[in-house]
Structures are given as C-alpha cells and as structure tokens.
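Following: one structure in structure tokens, then a few remarks.
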Amino acid sequence: MGGCSGCGGKPFYTRRYSGEVLCVSCFNDSIVEKTRRTVSKYKMIRPREKVAVAVSGGKDSLSLLKVLTGLYAPKRNSMVAVSVDEGVAGYRDEALSHAHSLANELGVEHLVVSYKEMLGFSLDEALDWKGEREASSCSFCGVFRRRAIDVAALKVGASVVATAHNLDDFVQTFMMNLMHGDVTRLGWLDPNHSDGSFSVRRVKPFMELYEEEVALYAHQVGVPLQSVSCPYMHEGLRSEVRDYLNMMEANHPGLKNVMLRSGLDVISHYSGSRERQSVPCAQCGKPSSSGLCGVCRMKAAVEEHVKSRAQPTAFGGG
Ligand code: SF4
Ligand code: ZN
C-alpha cells in the first residue's frame, strides 16, 4: 500500500467509497474540511450569527462542538453549547460533565435546560406515566428534547441550532420514515430546517460524514467516551436498519452516500409540493398540526397521571 493520498505519510484510514488513503493528520483535516464544505453548501451558518451547538455529551456532539468552534469562533460567529438534562437517575451526569469540560476548554458558554425546570417533571417520572403505551421511550423523550433545545437556543439568543446528526443518522431516519409510512416527517431531515413560527433554524453540519469517520475523529482528537448508556434506550427498528445499511455499504462502498443524495432529492420535491400545514398551539403558541402541540398534549397527560397518583383513594390509603 502507498502513502497518504494527501501528504505521502503513514497510512491510517482508507476511505473506501472514494479510494483515498489518509494519514491521521490528513484524516482529521478532512473531517474539518468536509464539515466546512457542508455548512457552506447548505448555507447552514450565516456570518456573525449566534450558533447554539446541541451537545448531549456523546462523542458526536462533542466532536461537533470542537470542529465548529475551530472553524467559526470567535471571529466569525459566537458559539454556545446547549445541553438537555432529561432527568434520568445515574445517566446524564457523566455526559454533562464531559460537555462542560470541553466547553470550558474551548472557552464556550454552556447552558443546561432540564425537563424538570421546563415541564415540572423528569423523564423518570414521565415514563412512569407512559408505561406500556405504544410509542418508544425515545420517541416520547424526543418530543420534549426538541422543545428543550429550542428553549435553550432562545434563552442564549441563538438563531440557529447545530446538531450532530451524521450521514448514517440521516439515511436510517429516512428509511424508517418510509417504513412507518410517515412522510410528513421527512421535512425534519432538511439540512437547513426552519419550522414556520419557530424562530430558530436547525442545521446538521455532520450530515455528509459517515458515523464511523466521526467516531474515529473523536478518538483521534481525544474526545471522551460516555461509559453509561440511557436505561430507556430502545432502538428497535433503527438497529435493524443500521445493520442492514452497514452490510450493504460493506458490499457496495458509497451506497450510503447515494442514499443521502436520494433522500435529499425526495425531501426537496416533497416539501415543495406538500407543505405541512401548522397552526399555533392553543397553550404554548408553538407550531402544531391540530391546535395542541405534542409537548402540551403529553405534558397534560403526565400531569394528570402524577396528580392521580398523589390523591388518596376512597379507602384512605395509597
Ligand atoms: Fe431520551 Fe432515548 Fe436519549 Fe434516553 S436514549 S435520553 S430515552 S432519547
Ligand atoms: Zn403547545
């Protein structure tokens, strides 16, 4: 095998879909450069705009914070790290401390919004209500999480939220939406998404990077790994879709890239032809499809459940 395609140095990684062989330094540079190109191609970050980077504390989001800060802060854009504390005992603390340390090291402000302060209950308490209901814990949690990130972004005065979704996340979600027959959600995959009356846009600067490459980058630049995973994580169909796509990519290098292009094409045709109608939520004013948004609907149901648990029964006991 020859040397690095960039500098002739010691080979470290072969990008199978392009045939490039890269040394560690050229590999790391390529991740930063690909991110810069994605941001510029989709006009994700505007000059002098304040960017909230959604940092869960996992390796992808920590890497995103590092790359974006290196590229855009402090001269061109101000950056703030925003995290969500769902309130899962024994889980989130480690990730939040990783997020806090990196933000400190990079000189970036870090804001944490918790479900407890935003909704009045933690995820632990909310899932007690959800019980055996059909939706997975993650899709239930995700509704609150998206709102919490918007709340955090508005609090810090950011006009755009950058999330660490990578190419694998995009393609998996695209396929899952098709499998669920849920094409109205395809708009969320838009690389530069704004949802009508939400004042913050959502962008995905890692959208053209394979998950494997982000993980390798994180390892090379010393981003810490989280040792505890969420006890409610239930990937179900997603892990089957992931395995299938990985198998196909191994047999046909570049297939995920092609799927990304196809997905983006479908989304642009779809959103042009069938705009999703939304009306303001009667309670919080955020966009909703039926007059009451998912957050307010689920919040009311959880509160009802918590109240009924607190009330003594007719027999005077609990
Ligand atoms: Fe929420 Fe699922 Fe993440 Fe746990 S793994 S915090 S349930 S989205
Ligand atoms: Zn609402």
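The working numbering numbers the first residue of the sequence shown as 428 and each following residue consecutively. A virtual CB, placed ideally from N, CA and C, is assigned to each residue, including glycine.
Cα separation between G721 and D551?
Whole-angstrom Cα-Cα distance: 19 angstroms.
Along the chain, where does the beta strand (DSSP E) containing A508 start, and where does it finish?
Note, A508: beta strand (DSSP E), 505-512.
For a quick check, are the C-beta atoms of L594 and K683 less than 8 angstroms apart?
The answer is yes: Cβ separation under 8 angstroms.
By how many angstroms is the C-alpha of G497 removed from the C-alpha of C431?
Between C431 and G497, the C-alpha separation is close to 24 angstroms.
Between V515 and ligand 1, is there a pair consisting of the residue's CB and a ligand heavy atom that are separated by less than 7 angstroms?
Yes, Cβ of V515 sits closer than 7 angstroms to a heavy atom of ligand 1.
Does R701 come out as helix, strand or coil in the three-state DSSP assignment?
With a pLDDT of 49 at R701, under the threshold of 50, the modelled position of that residue is not reliable, and the figure given next carries that caveat. Note: R701 maps to coil in three-state DSSP.
Could you give the distance in angstroms between the alpha-carbon of R701 and the alpha-carbon of Y671?
Its pLDDT being 49, under 50, R701 is placed unreliably in this model, and the value from its coordinates should be taken loosely. Roughly 30 angstroms separates the two Cα atoms.
D512 to H679, Cα distance in whole Å?
For D512 and H679, the distance between alpha carbons rounds to 40 angstroms.
Figure out for me which residue from C708, S689, A479 has the closest Cα to the Cα of L616.
That would be S689, whose Cα lies nearest to the Cα of L616.
Report yes if the CB atom of V466 is closer than 8 angstroms to the CB atom of I472, and no otherwise.
Result yes, Cβ atoms of V466 and I472 sit closer than 8 angstroms.
Cα separation between M725 and I458?
Roughly 39 angstroms separates the two Cα atoms.
Is G569 near ligand 1, going by C-beta to nearest heavy atom under 7 angstroms?
Yes, the Cβ of G569 comes within 7 angstroms of a heavy atom of ligand 1.
Where does the unbroken beta strand (DSSP E) through H679 begin, and where does it stop?
It is not in any beta strand (DSSP E) - H679 carries neither H nor E in the DSSP assignment.
Output yes or no for whether 8 angstroms exceeds the beta carbon distance between V507 and E544.
Against a cut-off of 8 angstroms, the Cβ pair of E544 and V507 comes out as no contact.
Would you mind sorting A575 into buried or exposed? The rule is 16 or more other CB atoms within 10 Å of its CB.
Burial call: buried.
With respect to 7 angstroms, is the separation between the Cβ of R612 and the closest non-hydrogen atom of ligand 1 below this value?
No, since every heavy atom of ligand 1 falls outside the 7 angstroms radius drawn around the Cβ of R612.
Among residues of its own chain, excluding the 5 on either side of R463, which ones have a beta-carbon nearer than 7 angstroms to its beta-carbon?
Closer than 7 angstroms at the Cβ level, and outside the excluded window around R463, lie L498.
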